[in-house]
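S.K.: Numbering (our numbering), first residue to last: 302 to 476.
(1) Hey, could you find the ends of the alpha helix (DSSP H) residue 312 is sitting in?
(2) Just the C-alpha distance for residue 322 and residue 308, rounded to the nearest angstrom, thanks.
(3) Would you say the stretch 397-405 touches the stretch 334-345, given that touching needs at least three Cβ pairs under 8 Å?
(4) I think residue 372 touches residue 393, with their Cβ atoms under 8 Å apart; what is that distance to the nearest whole Å?
(5) List the endpoints of the continuous alpha helix (DSSP H) containing residue 404.
(6) Would you say residue 435 and residue 384 are within 8 Å of each other, going by their C-beta atoms?
(7) Could you work out which residue in 305, 334, 456 is closest to residue 355 when comparing CA atoms only?
(8) Could you check which residue in 340, 437, 330 has the C-alpha nearest to that of residue 363?
(9) So, does the stretch 455-469 touch the stretch 416-424, judging by three or more C-beta pairs under 8 Å?
(10) Could you check what DSSP says for residue 352 in three-state terms: helix, strand or coil?
(11) Taking Cβ to Cβ, would you say residue 316 is nearer than 8 Å to residue 365?
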């Protein structure tokens, strides 16, 4: 296990303390942990490139750590009443569909490489912004527009990945 992959494991570990902080209504601590997770995500990607330490394990661990943190954030903030259930279900459903599609394509064609698209990066950015806004804002007012836009991007990127997956499946059948 290389240094960038250790950062991904660290991000998974932080998630436990993040959930505890939310449950104890320690939103400032939760925000700090969420930001630490984000910074370590940037750092592990940077180190992987600089150290030429990109690995297949890292390609799996990195997005998994991101998704565990985001899913945990949405679930716990929904349980606390800060994010509507329909937002959380949309975010998590998309991730399960993408993961399921990836697994299907992997077993159908062993040459599959995970690669995020621009729309998925934008979606993740808005999912993160939503969490930060909820944690940062004392009153948490005027969040509905952010919820709608985040859900719109989440659905759009889900459709994008579905189309991309169907094309990859069709190409693997033609080989």
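We put the CB at the ideal spot given by N, CA and C, even for glycine.
Here the structure is a predicted model, which is why all the values come from computation and not from measurement.
M.R.: Reading from the atomic positions:
(1) Per DSSP, residue 312 belongs to the alpha helix (DSSP H) from 304-324.
(2) Here the C-alpha atom of residue 322 lies approximately 21 Å from the C-alpha atom of residue 308.
(3) No: the two stretches stay apart, fewer than three of their Cβ pairs being nearer than 8 Å.
(4) The pair is a contact, with the Cβ atoms about 5 Å apart (cut-off 8 Å).
(5) In the DSSP annotation of this structure, the continuous segment of the alpha helix (DSSP H) that includes residue 404 starts and ends at 386-409.
(6) Going by C-beta atoms, residue 435 is nearer than 8 Å to residue 384.
(7) Residue 305 is the option with its Cα nearest to residue 355.
(8) Nearest C-alpha to residue 363 among 340, 437, 330: 340.
(9) The stretch 455-469 vs the stretch 416-424: in contact.
(10) Residue state, collapsed to three classes: coil.
(11) The answer is no: Cβ separation not under 8 Å.
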